[in-house]
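Participant:
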Amino acid sequence: MPAAPGTSKFQIDLRRHLRAQNISDNLVHLICEIAEASKYVINAVRTGDLGVAGTSNLYGEEQLALDVLSDRIMRKRLVHSGVVCNIASEEMDEIYQAQASADGLYSVAYDPLDGSSLVDVNLAVGTIVGIYAGCDLLQPGRNQVAAMYILYGPRVSLVYTVGDGVHEFTMNNLMEFTLTRENITMQEEGNIYAPGGLRNKYNDGDEKFIRHLEAKGCKLRYSGGFVPDINQVLMKGKGLFMYPALKGSPNGKLRVLFELNPMAFIIEHAGGSASNGHIPILDIVPESLDQRAPIYIGCKKDVKVATDFLEEGKAASGDAAFVNA
Ligand SMILES: O=P(O)(O)OC[C@H]1O[C@](O)(COP(=O)(O)O)[C@@H](O)[C@@H]1O
Ligand SMILES: [Mg+2]
Ligand SMILES: [Mg+2]
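Taking the numbering used here, the leading residue of the sequence shown gets 716, the next gets one more, and so forth.
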């Protein structure tokens, strides 16, 4: 008996898997379009110009040619998908309206190439996407209807959730994404940690937390790429990634809309948790496109221990500023 189209004993493709989820045809189409766009991003990463673009993004960070090219690839695909209302990108200064509000449309917040500065040293990078129903992009991340990332590593993988399990697809020799892991789940606690930022700028609670992890014999696994570092915690199902508030940077470095919300949505649906140190990332009400927040994300127990150390550090220092951080 031949396998049904799109499936075989070994291969279930992305579109077929999405169609089995309880989501609209427009959302199936949108996620497949983003997957298609990633094939052009891969080509740019593998062969594109590594120089600077001569421009900067809304954070004042110098844009690489790859940032601008990846952003253009993603935006063009989203506009032509016909199902997108508003677009926000880490590489654009403001919201881009693809079409006026109408029923059945979605809005997309994305980082087209996270970790782009790692390409010239040949480390893994990725694209991060959060999807909302309708036209409002300044919503709490808990309102996302889908989140996904594409990881450009030794293998190209795509991870998505529409709120019913977290699933991984890997690109095959025909550049098709086929199912490789389904309903990925995190353990309660783990033994790896990815500590972002300069340690000499850590606040007391975070410094004590790291020493606790080292005393426990946890393994430091940090590449400087948010997507591969999160992917490692997710696929091993254990450990946590953190990019805390730093002395002089009370909101850390990573961006709520483009990086934290999509990853927090994925990790929570895999049974993990994500906090800014005080509340779940997904409960933050974004006030601006460029909003940043500290993040502790991964196994539930590991995140809880991190926030407990933060509370202790806050109480011990009694620092009013710290209390309100
Ligand atoms: O170099 P640092 O300060 O540890 O920051 C690393 C973090 O910054 C990032 O590289 C930011 O990525 P982009 O600015 O390229 O989007 C993350 O991928 C990573 O987690
Ligand atoms: Mg980024
Ligand atoms: Mg980026």
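Glycine included, every Cβ here is placed at the ideal spot set by N, Cα and C.
Give the straight-line distance between the Cα atoms of Gly763 and Lys923, rounded to the nearest whole angstrom.
Facilitator: The residue given as residue 763 occupies position 48 in the sequence shown. The residue given as residue 923 occupies position 208 in the sequence shown. Approximately 43 Å between the Cα atoms of the pair.
Participant: Nearest by alpha-carbon distance to Gly1043: which of Ile843, Asp818, Ala824, Gly819 is it?
Facilitator: Since the first residue of the chain shown is 716 and the last is 1040, residue 1043 is not available in this structure.
Participant: As an exercise, report each continuous alpha helix (DSSP H) stretch of at least 4 residues that is fully enclosed by the stretch 927-969, in chain order.
Facilitator: Complete alpha helix (DSSP H) runs here, min 4: 941-951.
Participant: Using a Cβ-Cβ cut-off of 8 Å (strictly less than) and excluding sequence neighbours within five positions of Ile810, which residues of its own chain qualify?
Facilitator: Walking along the sequence shown from the start, residue 810 turns up at place 95. Within the same chain, Ile810 has close Cβ partners Asn801, Ile802, Ala803, Leu852, Leu1004.
Participant: Would you report the Cα separation of Tyr958 and Arg731, rounded to the nearest angstrom?
Facilitator: Reading the sequence shown from its first residue, position 243 is the one you call residue 958. Reading the sequence shown from its first residue, position 16 is the one you call residue 731. Cα to Cα, the separation comes out at about 36 Å.
Participant: Within 10 Å of its beta-carbon, does Pro1009 have 16 or more other beta-carbons around it, so buried, or fewer, so exposed?
Facilitator: Position 294 of the sequence shown, counted from the first residue, corresponds to residue 1009. By the 10 Å Cβ count, Pro1009 comes out buried.
Participant: When the Cβ atoms of the stretch 912-919 are set against those of the stretch 977-996, are three or more pairs found closer than 8 Å?
Facilitator: Because the criterion of three Cβ pairs below 8 Å is not met, the stretch 912-919 and the stretch 977-996 do not touch.
Participant: Kindly indicate which residue of Asp740, Asn918, Tyr864 has the alpha-carbon position closest to the one of Lys1029.
Facilitator: As a working mapping, residue 1029 is identified with position 314 in the sequence shown. If we check each option's Cα against that of Lys1029, Asn918 comes out closest.
Participant: According to the neighbour-count rule (16 or more other Cβ atoms, all chains shown, within 10 Å of its Cβ), is Phe1024 buried or exposed?
Facilitator: Position 309 of the sequence shown, counting from 1, holds the residue named residue 1024. Its Cβ being crowded by 16 or more others within 10 Å, Phe1024 is buried.
Participant: Could you give the distance in angstroms between the alpha-carbon of Ser739 and the alpha-carbon of Arg926?
Facilitator: Position 24 of the sequence shown holds residue 739. Position 211 of the sequence shown holds residue 926. So the two alpha carbons sit approximately 47 Å from each other.
Participant: So is Leu733 buried or exposed if we call it buried at 16+ other beta carbons inside 10 Å?
Facilitator: One-based indexing of the sequence shown puts residue 733 at position 18. Buried.
Participant: Helix, strand or coil for Ile810 per DSSP?
Facilitator: Residue numbering aside, residue 810 sits at position 95 when the sequence shown is read from its first letter. Reduced to three states, the DSSP call for Ile810 is coil.
Participant: Report all residues from its chain with a CB closer than 7 Å to the CB of Asn858; omit the five preceding and five following residues, and keep chain order.
Facilitator: On the sequence shown, residue 858 is found 143 positions in, with the first residue counted as 1. For Asn858, where only same-chain residues beyond five positions count, the Cβ hits under 7 Å are Tyr847.
Participant: Could you give the DSSP three-state label for Ile727: helix, strand or coil?
Facilitator: Numbered from 1 along the sequence shown, position 12 holds the residue referred to as residue 727. Ile727: strand per DSSP, three-state reduction.
Participant: What number of angstroms, rounded off, separates the C-alpha of Ile994 from the C-alpha of Asp1017?
Facilitator: In the sequence shown, residue 994 corresponds to position 279, counting from 1. In the sequence shown, residue 1017 corresponds to position 302, counting from 1. Rounded to the nearest angstrom, the two C-alpha atoms are 15 Å apart.
Participant: Please check the pair Ala768 and Val756, which I expect to be a contact at CB under 8 Å, by giving their CB distance rounded to whole angstroms.
Facilitator: By one-based count along the sequence shown, residue 768 stands at place 53. By one-based count along the sequence shown, residue 756 stands at place 41. Actually they do not touch by this definition, with Cβ atoms about 15 Å apart.
Participant: Do Gln726 and Thr893 come within 7 Å of each other at the CB atom, strictly closer than that value?
Facilitator: On the sequence shown, position 178 is the one that residue 893 refers to. On the sequence shown, position 11 is the one that residue 726 refers to. The answer is yes: Cβ separation under 7 Å.
Participant: How is the alpha helix (DSSP H) around Cys747 delimited, first residue to last?
Facilitator: Within the sequence shown, numbered from 1, the residue matching residue 747 stands at position 32. Residues 740-762.
Participant: Between which two residues does the alpha helix (DSSP H) carrying Phe980 extend?
Facilitator: The residue given as residue 980 occupies position 265 in the sequence shown. 976-984 is the extent of the alpha helix (DSSP H) around Phe980.
Participant: Let me know if Tyr1011 comes out buried or exposed under the rule of 16 or more other beta-carbons within 10 Å of its beta-carbon.
Facilitator: Counted from its first residue, the sequence shown places residue 1011 at position 296. Buried, since its Cβ has 16 or more Cβ neighbours within 10 Å.
Participant: Leaving aside the five residues before and after Glu1027 along the sequence, list all residues of the same chain whose C-beta is less than 8 Å from its C-beta, in chain order.
Facilitator: Here residue 1027 is taken as the residue at index 312 of the sequence shown, counted from 1. Excluding sequence neighbours, Glu1027 sits near Gly920, Lys923.
Participant: Asn772 to Ala780, Cα distance in whole Å?
Facilitator: Stepping through the sequence shown from its first residue, residue 772 is reached at position 57. Stepping through the sequence shown from its first residue, residue 780 is reached at position 65. About 12 Å.
Participant: Beta strand (DSSP E) containing His882: first to last residue?
Facilitator: Indexing the sequence shown from 1 puts residue 882 at position 167. Looking at the DSSP string, the run of the beta strand (DSSP E) that includes His882 is 882-886.
Participant: Would you give the residue range spanned by the alpha helix (DSSP H) that Arg870 belongs to?
Facilitator: Working through the sequence shown from its first residue, we reach residue 870 at position 155. Looking at the DSSP string, Arg870 is not in any alpha helix (DSSP H), and its letter there is neither H nor E.
Participant: Whole angstroms is fine: what's the gap from Val871's alpha carbon to Val948's?
Facilitator: Mapped onto the sequence shown, residue 871 falls at position 156. Mapped onto the sequence shown, residue 948 falls at position 233. Using only the alpha carbons, I get a separation of about 17 Å.
Participant: In whole angstroms, what is the alpha-carbon distance linking Asp998 and Ala1031?
Facilitator: Taking the sequence shown and counting its residues from 1, the one referred to as residue 998 is at position 283. Taking the sequence shown and counting its residues from 1, the one referred to as residue 1031 is at position 316. Distance between the alpha carbons of Asp998 and Ala1031 is about 27 Å.
Participant: Could you have a look at Ser816 and say whether DSSP puts it in helix, strand or coil?
Facilitator: Position 101 of the sequence shown, counting from 1, holds the residue named residue 816. Reduced to three states, the DSSP call for Ser816 is coil.
Participant: Need the endpoints of the beta strand (DSSP E) that Ala780 sits in, please.
Facilitator: Within the sequence shown, the letter at position 65 stands for residue 780. Not the beta strand (DSSP E): Ala780 falls in the alpha helix (DSSP H), residues 780-796.
Participant: Should Glu805 be listed as close to ligand 3, given that the test is whether its C-beta is under 6 Å from any heavy atom?
Facilitator: Position 90 of the sequence shown, counted from the start, is the residue given in the question as residue 805. Yes, since a heavy atom of ligand 3 falls inside the 6 Å radius drawn around the Cβ of Glu805.
Participant: Does DSSP classify Ala989 as helix, strand or coil?
Facilitator: Translated into positions along the sequence shown, residue 989 becomes position 274. Ala989: strand per DSSP, three-state reduction.
Participant: Give me the DSSP bridge partner(s) of Thr842.
Facilitator: Position 127 of the sequence shown, counted from the first residue, corresponds to residue 842. Answer by DSSP bridge pairing, in chain order: Ile865.
Participant: Go ahead and label Pro943 buried or exposed: buried means 16 or more other beta carbons lie within 10 angstroms of its beta carbon, across all protein chains shown.
Facilitator: Residue mapping note: residue 943 aligns to position 228 of the sequence shown, counting from 1. The residue is buried, with at least 16 neighbouring Cβ atoms inside 10 Å.
Participant: Kindly give me the distance between the Cβ atoms of Gly878 and His984, rounded to whole angstroms, as I take these residues to be in contact under 8 Å.
Facilitator: If you number the sequence shown from 1, residue 878 lands on position 163. If you number the sequence shown from 1, residue 984 lands on position 269. Correct: roughly 6 Å between the Cβ atoms.
Participant: What residues in its chain sit with their C-beta under 6 Å from that of Gly880, if we drop five residues either side in the sequence?
Facilitator: Start at 1 with the first residue of the sequence shown, and residue 880 comes out as number 165. Taken in chain order, the residues that qualify are Asn898.
Participant: Give a single yes or no on whether Glu777 has its beta carbon closer than 6 Å to a heavy atom of ligand 2.
Facilitator: Against the sequence shown, residue 777 aligns to sequence position 62. The answer is no for Glu777.
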